[in-house]
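Each residue of the sequence shown is one higher than the one before, starting from -18 at the first, in my numbering. Ideal Cβ positions, reconstructed from N, Cα and C, are used throughout, including at glycine.
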Amino acid sequence: MIEPNPESLSFNERIAAHVMSTAQIREVDRRAVEQYQMHSLVLMENAALGCVHWLRKRLGRPFKAVILCGAGNNGGDGLAIARHLQVWGAKCRVYLPRSLERMSSDAHANWQILKHSNPHICDTSQSPDSLRADLADADLILDAMLGTGAAGDPREPFASWIAMANVTQGLRVAIDIPTGVNAETGEAGKPHFHAHATLTFVALKPGMVSEKATQLFGELVVLPIGIPAGLIESLLAGE
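Have a look at this one:
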């Protein structure tokens, strides 16, 4: 198995050092789409590519990955990441909840692309034996279950997935926020994903700088998603 590496990456530190609430992040996304005519799928693709670049640099060679996805945009990030990792040469298994009809539109679009490019990569069977076997053999476990808008303890199937993932030996990486951790308060639910690293987007969230949350995120990395710095700075300035 590949061990976690303490080396860190960063981007525009002037932006990355800021803390933005989940409401502010939603407003950034809204302005990017409505004022700058940036399609939300483009933002998701940019987020995925940033994560893939970081993962490839960290892991260094084609590897085996298990991507745990929810039905929202966090899951959409995971599906897009899986697609790019597979093109690069990684062996990926993607686990999805059965209720795919509840997918966000962007997550559904990425699921359709992935399903048509590689129909055998996704598993919606909810089989614990299948997941346990894949996790035991994985170099990377990616948490794309629930995003920064989630609150409260994770429900099934995510609770079971988290319990199995947390006892594996692979590198555990959370996308945007570890599932089960409140992005605003830093409070951890039962269970919550035990991340070696968290790849969050645009800026830090309030819960990430909470004293009680310092051990919940592992290595914190802030990644850009192609939103102009001026848009973010104008929002931070209250404009």
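- For LYS171, the secondary structure class from DSSP, reduced to helix, strand or coil, is coil.
- Out of LEU112, ASN91, GLY188, the CA that lies nearest to the CA of THR129 is found in GLY188.
- In the three-state DSSP reduction, ASP104 falls in the strand class (E or B).
- The beta-carbon distance between PHE182 and ILE206, rounded to whole angstroms, is 5 angstroms. This is short enough to meet the 8 angstroms contact definition.
- Cα atoms of GLY161 and GLY211: separation of roughly 32 angstroms, rounded to the nearest angstrom.
- Annotation note: the region 68 to 137 contains the following uninterrupted alpha helix (DSSP H) runs of length 4 or greater, listed N- to C-terminal: 86 to 98, 109 to 117.
- Closest in C-alpha terms to SER80, from the list ALA52, SER98, ASP87, comes ALA52.
- Counting other Cβ atoms within 10 Å of its Cβ, ARG153 reaches 16 or more and is therefore classed as buried.
- In the structure shown, the three-state DSSP call for GLU165 is coil.
- Residue burial annotation: HIS175 is buried, with at least 16 other C-beta atoms found within 10 angstroms of its C-beta.
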